[in-house]
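Before any comments, here is the structure.
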Amino acid sequence: TFSEPMRVAGEPRIVLTVGTAKRYATYVTGDQTNVLVFEYQVQAGDDAPGGIVAASYISRNKGAVTDLAGNACDLNFTPLDLTGVRIDNGPPTVTGVATTVADGHYKAGDVIPLTVSVSETVIAGSSLTLVLDTGANILVVAEAAGTQLMGRYTVRAGDSSSRLDVTALSNPSVRDLGG
65 TFSEPMRVAG
75 EPRIVLTVGT
85 AKRYATYVTG
95 DQTNVLVFEY
105 QVQAGDDAPG
115 GIVAASYISR
125 NKGAVTDLAG
135 NACDLNFTPL
145 DLTGVRIDNG
155 PPTVTGVATT
165 VADGHYKAGD
175 VIPLTVSVSE
185 TVIAGSSLTL
195 VLDTGANILV
205 VAEAAGTQLM
215 GRYTVRAGDS
225 SSRLDVTALS
235 NPSVRDLGG
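Quick note on the working numbering: the sequence shown kicks off at 65 and runs consecutively.
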């Protein structure tokens, strides 16, 4: 926002740091007003979990920004705090699998609760299947938005494992808040 209307020529822009990439918010509208509007469209591969950082000036970019009389203006400004504007193009990842029961021997019919932790908040209903070293496939589901999916392994007759391990993950349908 300027103290008086501005005339815009060319394509001024504001330098942004999106993650580790240099990007530009480009001029969209505002010629002959005191408010210039800039826009940045997220690109494939952008990832800024810590937010975006904006430069503190408008780059003329081979153009000009002047008042209506043609006088050059100060293009420095106090940048908006964009640290809360996060870009997440990566899927959630599994960070751990745990249970609340102690190591030991279990018989057919015993139930072992399993909790899968993921790297970021996922939407309720997200799920994936754990393949255990016993050959069992266990569906774990996020009952609410959060970072945990829950499931239950019921020991079957003939199951044997010195230490219950996850050997694979399959059929992931885990979606974060970004979709």
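We put the CB at the ideal spot given by N, CA and C, even for glycine.
Residue i versus residue j: straight-line alpha-carbon distance, rounded
i	j	result
D229	R220	15 Å
D196	A162	Asp is not the amino acid found at residue 196; the sequence shown has Leu there. In a straight line, the C-alpha of L196 is about 13 Å away from that of A162.
L192	N140	50 Å
V186	V180	12 Å
Limits of the beta strand (DSSP E) - the one that residue i falls within
i	result
P236	V230 to S237
R227	Counting along the chain, R227 falls outside any beta strand (DSSP E), and DSSP gives it neither H nor E.
G160	V158 to A162
Any non-hydrogen atom of the ligand SAH within 8 Å of residue i CB
i	result
M214	The model depicted lacks the ligand SAH and carries no ligand whatsoever.
Outcome for residue i when other beta-carbon atoms lying within 10 angstroms are tallied against a minimum of 16
i	result
A89	buried
V99	exposed
Beta-bridge partners of residue i, as assigned by DSSP
i	result
A136	T130
P244	Residue numbering for the chain in the displayed model covers 65 to 243; residue 244 lies beyond these limits and cannot be assessed.
F66	DSSP output for F66 lists no bridge partner at all.
K86	T81
E103	T90
A73	A128
Residues of its chain near residue i, where Cβ-Cβ distance is below 6 Å and the 5 sequence neighbours each way are ignored
i	result
T97	P69
D223	T198
G83	D111 and A112
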